[in-house]
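Undergrad:
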Amino acid sequence: MTLPPHRFNRLAAAVASGVLLALAGAPPVLADSDREHQWHLRALHVAEAHKISQGEGVTVAVIDSGVQANHRDLTGNILPGVDFLDAKTKGWVDTNGHGTAMAGLIAGHGHGAGDADGALGIAPKAKILPIRGQKDNKLSSVEIADAITEAVRHHVGVISMSFATSADEATKRALQQAIDADIVLVAASGNRPDDIFLPYPAKYPGVVAVGATGRDGKLAPVTTTGPEMVLVAPGVQIVSTANTGGYRTGTGTSDSTAIVAGAAALIRAKYPNLSAAEVVHRLTATATDKGAPGRDREYGYGSLDLVAALTADVPAGAGQPSAAPSSSAVALPDPTTDGDTAAAPSTPKAAPVNWTAIGVVVAVLLIVIGVMVGLPTWLILRSRRHRKP
Numbered sequence: 059m060t061l062p063p064h065r066f067n068r069l070a071a072a073v074a075s076g077v078l079l080a081l082a083g084a085p086p087v088l089a090d091s092d093r094e095h096q097w098h099l100r101a102l103h104v105a106e107a108h109k110i111s112q113g114e115g116v117t118v119a120v121i122d123s124g125v126q127a128n129h130r131d132l133t134g135n136i137l138p139g140v141d142f143l144d145a146k147t148k149g150w151v152d153t154n155g156h157g158t159a160m161a162g163l164i165a166g167h168g169h170g171a172g173d174a175d176g177a178l179g180i181a182p183k184a185k186i187l188p189i190r191g192q193k194d195n196k197l198s199s200v201e202i203a204d205a206i207t208e209a210v211r212h213h214v215g216v217i218s219m220s221f222a223t224s225a226d227e228a229t230k231r232a233l234q235q236a237i238d239a240d241i242v243l244v245a246a247s248g249n250r251p252d253d254i255f256l257p258y259p260a261k262y263p264g265v266v267a268v269g270a271t272g273r274d275g276k277l278a279p280v281t282t283t284g285p286e287m288v289l290v291a292p293g294v295q296i297v298s299t300a301n302t303g304g305y306r307t308g309t310g311t312s313d314s315t316a317i318v319a320g321a322a323a324l325i326r327a328k329y330p331n332l333s334a335a336e337v338v339h340r341l342t343a344t345a346t347d348k349g350a351p352g353r354d355r356e357y358g359y360g361s362l363d364l365v366a367a368l369t370a371d372v373p374a375g376a377g378q379p380s381a382a383p384s385s386s387a388v389a390l391p392d393p394t395t396d397g398d399t400a401a402a403p404s405t406p407k408a409a410p411v412n413w414t415a416i417g418v419v420v421a422v423l424l425i426v427i428g429v430m431v432g433l434p435t436w437l438i439l440r441s442r443r444h445r446k447p
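First residue of the sequence shown? That's 59 in the working numbering, and the numbers climb one at a time after it.
Here it is as structure tokens:
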């Protein structure tokens with residue numbers, strides 16, 4: 059499904075609700091072939107990444123439509139969560155299917171001999187905290203803020219937000235609270251490429267805004283872009299768990315967001331002493347540059363490189379991504395610097411000379427001097443003319 063047909067700038071003026079980003083309609087995937095169809099696992103070299111980390115000890119909050127916790131590929135990985143619609147369910151009910159799909163992409167563990175069948179997530183040993191607060195495919199601004207607050211209260215390591223909303227002060231305060239609590243925030247850039255602005259929460263500074271790419275590594279046409287873009291990840295024809303107990307395919311930035319959230323969980327498990335800002339820096343510093351050199355409005359810092367994010371010697375750098383590329387460039391220190399060690403500060407450059415300001419001062423001084431010299435002379439001459447017979 060897609061975002062509402064109206065543009066987000068109109069939405070901001072008229073609506074204060076979040077919309078779960080869509081799963082493109084597709085026939086159910088047969089259980090016997092679902093792992094084969096998870097092409098993003100091969101593209102991201104997930105098997106190699108899982109030799110390094112599987113997300114052990116990390117909890118990812120999924121703010122969505124709930125999670126069908128009894129799916130055989132998810133059993134044991136879904137914690138008792140929060141349900142704003144029915145507290146008794148603990149978030150373990152999903153009548154929409156969106157949340158179950160996101161949970162599978164993050165922490166699906168498969169099933170069968172050696173868990174070789176079914177849907178495999180990026181972080182199969184991470185835990186999911188489901189936070190259910192949607193009805194009719196929408197999240198109210200109050201539900202969004204409360205959901206983020208609940209995630210903070212449960213001390214999660216990552217929050218995955220595959221929805222779009224307009225700017226709202228309560229949501230902004232909750233997002234800042236999560237950032238202050240050292241949580242990695244990941245959000246979808248949106249599925250409306252004609253929109254000129256990214257939606258919230260992706261637009262908020264410090265949130266990892268994620269776009270979608272296809273099998274060819276190119277930006278998926280569905281992706282909303284903007285200067286706040288941080289990363290891109292697979293998001294076309296992505297296979298994951300369905301709330302029916304089977305599997306589904308989806309296309310959109312929702313899937314990409316869940317994949318990046320899973321990547322953040324892998325890093326937090328591998329490097330438990332890193333701050334959320336440092337986790338994000340690992341993701342951005344190791345991304346494969348796409349599009350225009352450096353950070354750009356289509357690909358952000360580039361495409362997720364899962365193995366590099368876990369293994370590269372990443373020097374310390376600035377933390378959370380800022381709102382615009384022009385203000386977010388980080389000069390990396392010497393490559394031999396340990397990634398967990400703070401880099402030595404660089405010598406500050408001398409401030410540039412402001413010749414315009416100097417010119418103005420000189421001009422004013424000349425005018426003052428001219429008045430001081432010229433005025434007495436004029437008065438003397440005028441006095442002499444008046445004394446003539």
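In this text, a Cβ means the ideal position worked out from N, Cα and C, and glycines have one as well.
Would you mind giving the Cβ-Cβ distance between leucine 187 and histidine 212, rounded to the nearest angstrom? I have them listed as a contact below 8 Å.
TA: Against the sequence shown, residue 187 aligns to sequence position 129. Against the sequence shown, residue 212 aligns to sequence position 154. Separation of the CB atoms of leucine 187 and histidine 212 is rounded to 6 Å, and the pair is thereby assigned contact status at 8 Å.
Undergrad: Rounded to the nearest angstrom, what separates lysine 196 and isoleucine 296 at their Cα positions?
TA: On the sequence shown, position 138 is the one that residue 196 refers to. On the sequence shown, position 238 is the one that residue 296 refers to. Taking the straight line joining both Cα atoms gives about 22 Å.
Undergrad: Please identify the residue among Pro257, Ala159, Thr207 whose C-alpha is closest to the C-alpha of alanine 239.
TA: Residue mapping note: residue 239 aligns to position 181 of the sequence shown, counting from 1. Ranking Pro257, Ala159, Thr207 by CA distance to the CA of alanine 239 puts Thr207 first.
Undergrad: Entirely within the stretch 233-317 and at least 3 residues each: give me those beta strand (DSSP E) ranges in chain order.
TA: 242-246, 266-271, 287-292, 296-299, 305-308
Undergrad: For the beta strand (DSSP E) containing arginine 211, name the first residue and the last one.
TA: Counting from one through the sequence shown, the residue named residue 211 turns up at place 153. No beta strand (DSSP E) contains arginine 211, which is instead part of the alpha helix (DSSP H) from 199-211.
Undergrad: Going by C-alpha distance, which of Ala374, Val338, Glu356 is nearest aspartate 363?
TA: As a working mapping, residue 363 is identified with position 305 in the sequence shown. Among Ala374, Val338, Glu356, the Cα nearest to that of aspartate 363 is on Val338.
Undergrad: Just mark threonine 346 as buried or exposed, buried being the case when its beta carbon has 16 or more other beta carbons within 10 Å.
TA: Sequence index remark: in the sequence shown, residue 346 carries index 288 (1-based). By the neighbour-count rule (16 or more Cβ atoms within 10 Å), threonine 346 is not buried but exposed.
Undergrad: Run through DSSP, which three-state label would leucine 132 get?
TA: In the sequence shown, the residue the question calls residue 132 occupies position 74. Here leucine 132 sits in coil by DSSP.
Undergrad: DSSP on valine 73, reduced to helix/strand/coil?
TA: On the sequence shown, residue 73 is found 15 positions in, with the first residue counted as 1. Annotation note: pLDDT 33 at valine 73 (below 50); position unreliable, no value reported.
Undergrad: From arginine 93 to aspartate 175, what does the alpha carbon distance come to, in whole angstroms?
TA: Numbered from its first residue, the sequence shown carries residue 93 at position 35. Numbered from its first residue, the sequence shown carries residue 175 at position 117. Between arginine 93 and aspartate 175, the C-alpha separation is close to 6 Å.
Undergrad: Buried or exposed: aspartate 122, going by 16 or more other Cβ atoms within 10 Å of its Cβ?
TA: As a working note, residue 122 is residue 64 in the sequence shown. Buried, because 16 or more other Cβ atoms sit within 10 Å of the Cβ of aspartate 122.
Undergrad: Apart from the five residues just before and just after lysine 148, which ones in its own chain have a Cβ nearer than 7 Å to its Cβ?
TA: Here the question's residue 148 lines up with position 90 in the sequence shown. Counting only Cβ-Cβ distances below 7 Å, and skipping sequence neighbours, we find Pro138, Gly139, Asp141.
Undergrad: May I ask you to list the residues that DSSP assigns as paired with histidine 167?
TA: Stepping through the sequence shown from its first residue, residue 167 is reached at position 109. Partner(s): Leu178.
Undergrad: So, is aspartate 252 buried or exposed, given that buried needs 16 or more other C-beta atoms within 10 angstroms?
TA: Residue mapping note: residue 252 aligns to position 194 of the sequence shown, counting from 1. Classification of aspartate 252: exposed, given that the 10 Å Cβ count is below 16.
Undergrad: Assuming contact is defined by CB atoms lying nearer than 7 Å, are threonine 117 and asparagine 301 in contact in what I supplied?
TA: Walking along the sequence shown from the start, residue 117 turns up at place 59. Walking along the sequence shown from the start, residue 301 turns up at place 243. Result no, Cβ atoms of threonine 117 and asparagine 301 do not sit closer than 7 Å.
Undergrad: So for proline 410, helix, strand or coil by DSSP?
TA: On the sequence shown, position 352 is the one that residue 410 refers to. In this predicted model, proline 410 has a pLDDT of only 40, less than 50, meaning its place in the structure is not dependable; the value taken from the coordinates is given anyway. Proline 410 falls in the coil class under three-state DSSP.
Undergrad: Please state whether DSSP places alanine 184 in a helix, a strand or coil.
TA: Residue mapping note: residue 184 aligns to position 126 of the sequence shown, counting from 1. Coil, per DSSP.
Undergrad: Sort Ala181, Ala225, Val294, Asp274 by Cα distance to phenylalanine 255 and report the nearest one.
TA: Position 197 of the sequence shown, counting from 1, holds the residue named residue 255. Among Ala181, Ala225, Val294, Asp274, the Cα nearest to that of phenylalanine 255 belongs to Ala225.
Undergrad: If contacts are defined as beta-carbon pairs under 8 Å, then glycine 170 and alanine 177 qualify, I think. What distance do you get, rounded to the angstrom?
TA: Numbered from its first residue, the sequence shown carries residue 170 at position 112. Numbered from its first residue, the sequence shown carries residue 177 at position 119. Not confirmed; about 12 Å, so no contact.
Undergrad: Leaving aside the five residues before and after aspartate 274 along the sequence, list all residues of the same chain whose C-beta is less than 6 Å from its C-beta, in chain order.
TA: Looking up residue 274 in the sequence shown gives position 216. Within the same chain, no residue comes within 6 Å of aspartate 274 by CB-CB distance, once the 5 residues on both sides are set aside.
Undergrad: Is the beta carbon of valine 318 closer than 7 Å to that of leucine 289?
TA: Taking the first residue of the sequence shown as 1, we reach residue 289 at position 231. Taking the first residue of the sequence shown as 1, we reach residue 318 at position 260. For leucine 289 and valine 318, yes; Cβs fall inside 7 Å.
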